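Position one of the sequence shown corresponds to residue 1 (this note's numbering), numbered consecutively onward. What follows is one structure encoded as structure tokens, with my remarks underneath.
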Amino acid sequence: MFDTRSMTSLWPIVFIGAFATLWNYGPPSDWLAGMFTPQVVCDNSHGYEIEFLSREPLLIHIPNFISLNEATYFTSILAENYTHRLYVNEDDVKKAVAPRLAVLEQQDPFVKCVLSRAQRFLGSMGSPDFELLSLARYGVSHQVSLHADASPEPLTDPESQRQYNRRTSFFVYVHASDDLEGGETFFPRIPPRPDAGLPSDSAVMSINNSSGAAALAVKPVSRSAIFWLGMKPDGTIDMNTIHKGLPVTKGEKIGMNIWAKHYID
């Protein structure tokens with residue numbers, strides 16, 4: 001007859017043997033992390049198109065810049081992780097119209113995939129380092145005031161203390177709800193394309209600026225992005241790239257800024 005008591009006494013030996021076997025694969029922190037971290041393989045074959053919206057300054061629209069899996073993952077991040085406010089000016093924060101931010105972990109495999117794609121897109125304009133990625137969640141009334149991404153004064157990397165600036169910008173429309181109204185990215189100093197606003201054009205439109213002149217606006221379309229050069233060759237800000245996020249009047253959008261650290265030294 002099988003004695004369950006003798007089997008019970010063997011459990012410590014079995015556990016120690018299993019632990020020793022796992023140790024051969026590295027310290028516990030390594031294989032435990034592997035058990036609970038999503039195993040993500042970057043899809044380097046993920047294709048996207050580009051549309052030139054402006055030559056000077058350079059502004060490019062990139063449909064399907066991120067994959068469906070990436071968009072689904074970023075969209076699933078819980079609202080409780082949006083603990084900051086996007087800061088452009090104090091007034092937006094005080095009025096609570098600035099969208100909420102969720103700062104992402106740079107070692108997150110989905111983050112690494114997106115940064116790798118941005119690096120390949122930049123090519124010779126690339127940099128080995130990027131600012132921390134974050135998601136901005138725009139609900140009704142959320143907006144971003146007129147601003148330039150590049151800084152009048154150099155920024156300082158907190159770790160290396162090297163100075164850099166935001167010479168290039170990506171803004172990724174991670175998610176746009178089906179009922180979204182508003183939330184366009186508006187470039188008041190860039191004239192619209194000749195076909196902007198036509199029914200066949202799903203992402204680009206024309207809006208009058210404060211002077212009454214027609215200017216370019218880009219509608220949020222899930223998984224798409226826009227890219228622009230925000231600085232001139234002489235290192236000054238190209239003020240033609242100033243832009244604003246128009247108020248969301250219905251629905252929700254989630255955006256992501258990608259800024260490479262273009263070092264000055």
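C-beta: ideal position from N, C-alpha, C; glycine also. Nothing here was measured: the structure is a model prediction, and the numbers come from that model.
Rounded to whole angstroms, the gap between the alpha carbons of V97 and V221 is 21 Å.
Look at Q119 here: in three-state DSSP terms it is helix.
Secondary structure note for N165: its beta strand (DSSP E) is the uninterrupted segment Q163 to N165. Excluding the 5 residues flanking it on each side, A225 has same chain C-beta neighbours closer than 6 Å at I62, F65, F170 and V172, in chain order. Taking all protein chains shown into account, L59 has 16 or more neighbouring C-beta atoms within 10 Å of its C-beta and is therefore buried.
Non-local C-beta neighbours of C113 in its own chain, meaning closer than 6 Å and more than five positions away in sequence, comprise C42, ordered along the chain.
A contact between stretches requires three or more CB pairs, one per stretch, nearer than 8 Å, and the stretch 171-190 meets this requirement with the stretch 228-248. Following the DSSP letters along the chain, one finds Y82 in no beta strand (DSSP E), marked with neither H nor E. When C-beta atoms of the stretch 136-149 are compared with those of the stretch 247-262, three or more pairs fall below 8 Å, so the two segments count as touching.
Secondary structure of T236 (DSSP, three-state): coil.
Rounded to whole angstroms, the gap between the alpha carbons of Q163 and D234 is 16 Å.
In the three-state scheme derived from DSSP, where H, G and I count as helix and E and B as strand, S67 is classed as coil. Non-local C-beta neighbours of V140 in its own chain, meaning closer than 6 Å and more than five positions away in sequence, comprise V248, ordered along the chain. Looking at G183, N209, V103 and L104, the one whose alpha-carbon comes closest to that of H142 is G183.
Each residue's CA atom was taken as its position, placing E70 and E105 some 14 Å apart.
According to the DSSP secondary-structure assignment, R100 is paired through a beta bridge with R85 and R137. For E51, the enclosing beta strand (DSSP E) stretches over residues E51 to S54. With contacts defined by Cβ atoms closer than 8 Å, F52 and F110 do not form a contacting pair. In this structure M125 is exposed. Its beta-carbon is surrounded by fewer than 16 other beta-carbon atoms within 10 angstroms. The Cβ-Cβ distance between N165 and I264 falls below 8 Å. In this structure, A148 is the residue among A148, T168, I50 and L216 with its C-alpha nearest to the C-alpha of Y87.
Measuring C-alpha to C-alpha distances from D178 to each of K250, V40, H46 and T236 identifies K250 as the nearest.
Within the same chain, and ignoring the five residues on either side of D91 in sequence, the residues whose Cβ sits closer than 8 Å to its Cβ are S145. Taking the Cα of R55 as reference, the smallest distance to any Cα among H262, L115 and W228 is reached at W228. It is roughly 14 Å from the alpha-carbon of T236 to the alpha-carbon of L155. Remark: C-beta atoms of P192 and A214 approach each other more closely than 8 Å.
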